[in-house]
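For the sequence shown, UniProt numbering begins at 1 and goes up steadily by one. Each residue gets a CB set at the ideal place from its N, CA and C atoms; glycine is no exception. Here the structure is a predicted model, which is why all the values come from computation and not from measurement. A short worksheet on the structure shown next.
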Amino acid sequence: MDPHRVLVTYRLTTGAQKRLEALGYELDLAPPGLSRTDLLSRVRGVHALMCIPADRIDTELLDTAGNSLRVVSTNTAGYDHIDLAAARRRGIMVGHTPDAATDAVADLAIALIIMVLRRVPAAVAMARTGEWSPEHTMLLGHQLRDKTVGIVGLGRIGTAVMRRLTGFGVRQPLYSDRHARPEIAMQVGARFVDFGTLVGKSDIICICCTLNDSTRHLFTYDVFRQMKSSAVVINVARGDIIKQDELVRALADRVIAGAGLDVMTPEPLPADHALFGFPNCVVLPHVAYATLEAREAMCQRCIDNVVAGLNDQPLPYSVPN
1 MDPHRVLVTY
11 RLTTGAQKRL
21 EALGYELDLA
31 PPGLSRTDLL
41 SRVRGVHALM
51 CIPADRIDTE
61 LLDTAGNSLR
71 VVSTNTAGYD
81 HIDLAAARRR
91 GIMVGHTPDA
101 ATDAVADLAI
111 ALIIMVLRRV
121 PAAVAMARTG
131 EWSPEHTMLL
141 GHQLRDKTVG
151 IVGLGRIGTA
161 VMRRLTGFGV
171 RQPLYSDRHA
181 RPEIAMQVGA
191 RFVDFGTLVG
201 KSDIICICCT
211 LNDSTRHLFT
221 YDVFRQMKSS
231 AVVINVARGD
241 IIKQDELVRA
251 LADRVIAGAG
261 LDVMTPEPLP
271 ADHALFGFPN
281 CVVLPHVAYA
291 TLEAREAMCQ
301 RCIDNVVAGL
311 NDQPLPYSVP
321 N
């Protein structure tokens with residue numbers, strides 16, 4: 001029997017690659033930055049596909065892969081780049097890597113909050129140029145204590161962010177979600193409110209929800225206008241949850257005090273994008289998951305899905321139905 005063919009569209013950790021090689025699969029380890037054309041060419045006849053959000057897994061790709069494709073496993077918690085309905089119609093199992101990067105993303109969410117509140121990028125620039133001032137009024141920012149933090153989406157990451165916030169002396173945190181999560185909220189001392197209340201009362205809004213039809217462009221100019229003028233918005237979820245041109249407008253009009261973004265649309269942003277021109281907007285290149293520990297866990301869980309699927313077993317990290 002010929003070995004199963006597995007296409008990997010991203011760079012594996014050393015440990016993950018050694019594990020895959022030991023399994024005896026016929027591996028196609030594609031170079032980073034795989035083009036759509038190359039992806040379609042390589043996917044023909046594979047039994048399993050290990051992918052990332054840059055890979056659009058749609059009807060065209062699934063048709064190109066053919067009847068051999070049995071498992072698609074994305075090296076991320078999110079899976080909005082995969083047409084789940086199209087995969088299920090073909091009997092293809094779809095897996096992801098939930099919770100592998102929860103701590104890494106939550107850590108960076110806190111870092112973004114502090115970077116925006118304390119004007120860290122401006123301080124770094126000042127230190128490099130030597131434009132220091134002996135006055136204690138330069139670069140005055142805000143501290144976290146006694147601030148009201150609102151979390152949009154109390155899933156794994158939202159909960160982890162809240163746990164970290166307790167040590168900063170914030171007020172009772174707020175959260176909004178599709179429904180109340182009393183057991184989780186009790187653990188972190190959070191209060192469930194509707195989205196409008198969260199927007200109006202929060203000093204800091206941290207977006208941690210999944211991207212779907214109900215959250216796409218959830219944050220518009222009208223929503224920013226409902227926020228406090230001193231409030232900041234942090235996004236470690238997906239770029240399309242914010243209507244980006246309207247965030248630019250809100251920052252330009254000083255409707256809100258700042259933003260911290262690890263995700264945006266498109267990725268990467270053009271170097272001349274307007275968001276880079278605001279000193280009160282911190283933009284990072286989608287690195288919330290980028291720790292050695294998280295990367296290893298993500299790769300290993302992705303392999304766990306492939307191994308299970310190719311052995312006709314349920315995926316340990318299957319996407320929700």
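Cα separation between residue i and residue j?
| i | j | result |
| --- | --- | --- |
| A30 | L12 | 10 Å |
| V94 | D272 | 37 Å |
| D28 | V287 | 25 Å |
| A106 | D312 | 34 Å |
| D262 | P285 | 6 Å |
| residue 326 | A22 | Not covered by the structure: residue 326. The range shown for the chain is 1 to 321. |
| V152 | S176 | 5 Å |
| T74 | I52 | 5 Å |
| T215 | C299 | 28 Å |
| E60 | P320 | 23 Å |
| G130 | A231 | 30 Å |
| E296 | Y79 | 19 Å |
| I205 | A123 | 23 Å |
| M227 | E246 | 14 Å |
| R128 | A85 | 52 Å |
| K201 | C209 | 19 Å |
| W132 | A125 | 10 Å |
| residue 326 | G158 | Absent from the structure is residue 326, since the part of the chain shown begins at 1 and ends at 321. |
| G33 | T9 | 8 Å |
| I207 | E293 | 23 Å |
| M37 | A65 | Checking the sequence shown, residue 37 turns out to be Thr, not Met. Straight-line Cα distance between these residues: approximately 13 Å. |
| N212 | P134 | 50 Å |
| K18 | G24 | 10 Å |
| Q187 | L20 | 39 Å |
Quick one: what does DSSP say residue i is sitting in, helix, strand or coil?
| i | result |
| --- | --- |
| C206 | strand |
| F219 | strand |
| N305 | helix |
| M162 | helix |
| M126 | helix |
| V255 | coil |
| T137 | coil |
| R89 | helix |
| D103 | helix |
| I157 | helix |
| F192 | strand |
| I113 | helix |
| G95 | strand |
| V120 | helix |
| D312 | coil |
| G15 | helix |
| V248 | helix |
| E26 | strand |
| G150 | strand |
| R178 | coil |
| R225 | helix |
| L284 | coil |
| L292 | helix |
Under 6 Å Cβ to Cβ from residue i, same chain only, skipping five residues before and after it: list those, please.
| i | result |
| --- | --- |
| H244 | This sequence places Gln at residue 244; His is not what is there. Around Q244: T265. |
| I110 | R164 |
| R249 | Y221 |
| D203 | K147, T148 and A231 |
What does a CB cutoff of less than 7 Å around residue i pick up in its chain, not counting 5 residues either side in sequence?
| i | result |
| --- | --- |
| R90 | L62 |
| L165 | V149 and P173 |
| A308 | P314, L315 and P316 |
| V72 | L49, C51, I57, I82, A87, I92 and V94 |
| S68 | G45, V46 and H47 |
Only counting the same chain, and skipping five residues up and downstream in sequence, which positions put a Cβ closer than 8 Å to that of residue i?
| i | result |
| --- | --- |
| E26 | D2, P3, H4, R5 and V6 |
| V223 | V199 |
| G169 | L144, R145 and D146 |
| A185 | L154, Y175, R191 and F192 |
| P182 | F192 |
| F276 | L269 and V283 |
I'd like to know if the region 300–314 and the region 252–259 are in contact, where contact means that at least 3 CB-CB pairs between them fall below 8 Å.
no
Do the region 132–145 and the region 106–119 make contact, defined as three or more Cβ pairs closer than 8 Å?
yes
Is the region 46–57 close to the region 98–115, with three or more CB pairs under 8 Å?
Output reads no: the region 98–115 does not touch the region 46–57.
List in chain order: all unbroken beta strand (DSSP E) runs of 3+ residues lying wholly within the region 36–93.
48–51 and 71–74
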